[in-house]
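Residue numbering for the sequence shown follows my numbering, beginning at -15 and increasing consecutively. Even glycine gets a Cβ: it sits at the ideal position worked out from N, Cα and C. Here the structure is a predicted model, which is why all the values come from computation and not from measurement.
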Amino acid sequence: MESITTLTITLDEADQRLDRVLAERFPDRSRASLQKLVGAGQVLLNEATVSKRSAVAAGDVVQLTWPETVEGRIVPEHLPLDVVFEDDAVLALNKPPGLVVHPGAGRDDGTLVHRLVAYCPAIAQCGDPMRPGIVHRLDLDTSGIMVVAKTEQARLNLIRSFSERCAEKAYLAILGGKAVDQTVSTLIGRHRVNRKKMAVVERGGRPAVSHLEVLEVTRPASLVRVRIETGRTHQIRVHCKHIGHPVVGDTLYGRPEPAAPRQMLHALRLIIPHPLSGTPLRLRAPLPDDLLGVCDTLELSCRSVEN
């Protein structure tokens, strides 16, 4: 069954191309898929069909008709959520490794979204019907802190905070070899051969900045805190491979590590303005057992990491 989402263009969005505004409003949809929706006449601007290049003005009303998908509707799944903070506008949780954030190709159920709509049914009405409440995401095998919107106003404000770089994001990673403190600033784009991968590119990519702070080094590995200014797909993993110190256990950008059951990357801290009050919302996720176990195996102490 088709579903409809209606939004109003803000002053900050005025004079931009429609497809760019849609990409910012729906960060977990690819721009190509949104452009396809526009081309199919499924997006109306002030009740009229438009092109993807159409400019928008403050107060314009955009209506998107999402076609019925093979996934159908989100069926609630009553499975555990590790909630670390909640109020009327937002929910923050500690995502475990191995949990997909939302449905996609080859995954119709068993995602974080299915658990969210079971925990809080109102989230199902918030934004994209197949990604309700989602304003950012973590890779399948990355654990840690995520914030989810419970209302449409909260969703829009959180998306704006991320897009305007008002969010402070810090990760903990175990890297191969002896890393050093450094800032990595590159363009990141799709890999030329393997379309499932991203890569550092010389042109045509999007700017990405990561700050690495080494907390401890042993002979085979380094414990590193990574702060990112941008949130590109696979950013930390790509940057760490680029500097010659891939994330331990990352089989896509590095090599298998017998001691690591998955990539050793954890979203440790998120500071973001509360979507309604504007006061800083300081969120943390405790370190998972598998990462602590790998630290022990590699003789890295996590005592320097604040929890």
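- For V289, the CB contacts under 8 Å within the same chain, skipping 5 residues up- and downstream, are L156, L199, L207, R209, L252 and L271 in chain order.
- Residue ranges of uninterrupted beta strand (DSSP E) with 3 or more members, entirely inside the stretch 74 to 154 and ordered along the chain, are 74 to 79 and 127 to 133.
- Across the structure, L276 and A102 are spaced so that their CA atoms are roughly 30 Å apart.
- CA-CA distance, P105 to K225, rounds to 40 Å.
- Residue burial is scored here from C-beta neighbours: L196 has at least 16 other C-beta atoms within 10 angstroms and is therefore classed as buried.
- The alpha helix (DSSP H) runs of length 4 or more contained entirely in the stretch 6 to 39 are, from start to end of the chain, 15 to 23.
- Below 8 Å, enough C-beta pairs join the stretch 218 to 232 and the stretch 165 to 183 to call them touching: three or more.
- Three or more beta-carbon pairs separated by less than 8 Å link the stretch 107 to 124 to the stretch 137 to 146, which places the two stretches in contact.
- Residues L171, I172 and G173 of the same chain have their beta carbon placed closer than 6 Å to that of G189, with the five preceding and five following residues left out of the count.
- Between the alpha carbons of D274 and L284 lies a gap of roughly 13 Å.
- For T281, there is no enclosing beta strand (DSSP E); the residue is part of the alpha helix (DSSP H) that begins and ends at D273 to T281.
- CA-CA distance, L65 to L122, rounds to 15 Å.
- About 20 Å separates the beta carbon of H86 from that of V68, a gap too long to meet the 8 Å contact definition.
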